[in-house]
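**Q** Below you'll find the structure I mean.
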Amino acid sequence: MRKITVRDFFKLKEAGEPITMVTAYDYVSAKISDEAGVESILVGDSLSMVIQGNDTTLPCSIEEMIYHTKLVKRGVKNAFLIADMPFLSYQVNESEGIRNAGLLLKAGAEAVKLEGGREVADLVKKLSCFGIPVMGHIGMTPQHVHSFGGYRLQAKTEESKKRIIEDAKILEEAGVFSIVLEMVPVEVAREITESVSVATIGIGAGPFCDGQVLVFHDLLGFYPDFRPSFAKAYRELYREGVEGIRDFISEVKGKKFPDEGHSFKSK
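Residue numbers for the sequence shown, in the numbering used here: 4 to 270.
Printed below as a string of structure tokens:
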């Protein structure tokens, strides 16, 4: 597989070929995803929940995102690498947002992802001017979880539907190369996808987006605490892991491990 670049998002949309994206947080998950052949890997601030055990993405810092981006980069050869800009890394002021985006690129990312629509359009323009590709993210934006009152379906009313479609067009005009649509009705995601020239990546947004993203731990069944209804588990590795460790405990207690094949002898 050849190296994927930002240009491929436009080519794949134009060709009608769905784009695949996996959210990964470390070297091994990135290496597995890359070897499997996904076009893009996202270092998500959801590591706050999946890796650190927090209730929301809000505690994640820019320093932690830089650290995990470095880890993921080491496992990636072909996929296009995107890093989330965490809460308060770009909302305070434009200069700080530009600097933090640049630090993520220095850590190995090839693009950054921002949550929000019209409110981040000016920053998107500036980042694009400085050569930093930007992915948008609208719909259920996890950094707004408290103002939404939880992780809830968005764009349910005509007014909110109109606003999210406008936001997608504003982001497109500002210079994003792609937009994540999270937890929006199928018909809204379809209308956005058909009305913008940039690729849409769905997560809980139905089958009509230009691509789909799932968290590594969700799609392989590694994360038992919470599984969104839209996340399909293609394996149940958490359960297999528990059984594997139980087998280890049993063999140690029964003095079956280590055996001759897993021990050293002096010559």
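A virtual CB, placed ideally from N, CA and C, is assigned to each residue, including glycine.
Since we're looking at a predicted model, the values are computed, not measured.
So what does M138 bridge to, in DSSP terms?
**A** K116, S181, per the DSSP bridge assignment.
**Q** Go through its chain and collect everything with a Cβ distance to A177's Cβ below 7 Å, but skip five positions before and after it.
**A** A124, V127, K128
**Q** When the Cα atoms are used, what is the spatial distance from F83 to V46?
**A** 11 Å
**Q** Could you say which of V79, P21, M68 lies nearest to S32 if we only look at CA atoms?
**A** V79
**Q** What are the boundary residues of the alpha helix (DSSP H) that includes S43?
**A** That residue, S43, is in no alpha helix (DSSP H); its beta strand (DSSP E) goes 43-46.
**Q** Just checking, does the region 16-24 make contact with the region 212-223 on the three C-beta pairs under 8 Å criterion?
**A** Yes, the region 16-24 touches the region 212-223.
**Q** With three or more beta-carbon pairs closer than 8 Å as the criterion, would you say the region 108-115 touches the region 49-62?
**A** no
**Q** When we look at the beta-carbon of T8 and count the other beta-carbons within 10 Å, is it buried (16 or more) or exposed?
**A** The residue in question, T8, is exposed, as its Cβ has fewer than 16 Cβ neighbours within 10 Å.
**Q** Give a yes or no on whether the C-beta atoms belonging to Y28 and L50 are separated by under 9 Å.
**A** yes
**Q** Which word fits A39, buried or exposed, when buried means at least 16 other C-beta atoms lie within 10 angstroms of its C-beta?
**A** exposed
**Q** What are the start and end residues of each continuous alpha helix (DSSP H) run of 4 or more residues lying completely inside the region 197-254, in chain order?
**A** 219-222
**Q** Which whole runs of the alpha helix (DSSP H) in the region 44-72 are 4 residues long or more, in chain order?
**A** 50-53
**Q** Taking the alpha-carbon of E118 as reference, which of H71, D170, F260, R230 has the nearest alpha-carbon?
**A** D170
**Q** For my contact list, A192 and G209 are in at a C-beta cut-off of 8 Å; report their separation, rounded to the angstrom.
**A** 5 Å
**Q** How is A27 classed by DSSP in three states: helix, strand or coil?
**A** Here A27 sits in coil by DSSP.
**Q** Buried or exposed for G207, please, with buried defined as at least 16 other CB atoms from any protein chain shown within 10 angstroms of its CB.
**A** buried
**Q** Provide the residue span of the beta strand (DSSP E) that contains A86, from first to last.
**A** First-last of the beta strand (DSSP E) with A86: 83-87.
**Q** Write down the C-beta distance between D37 and M68 rounded to the nearest angstrom, noting that I regard them as a contact closer than 8 Å.
**A** Wrong, their Cβ atoms sit about 19 Å apart, outside the cutoff.
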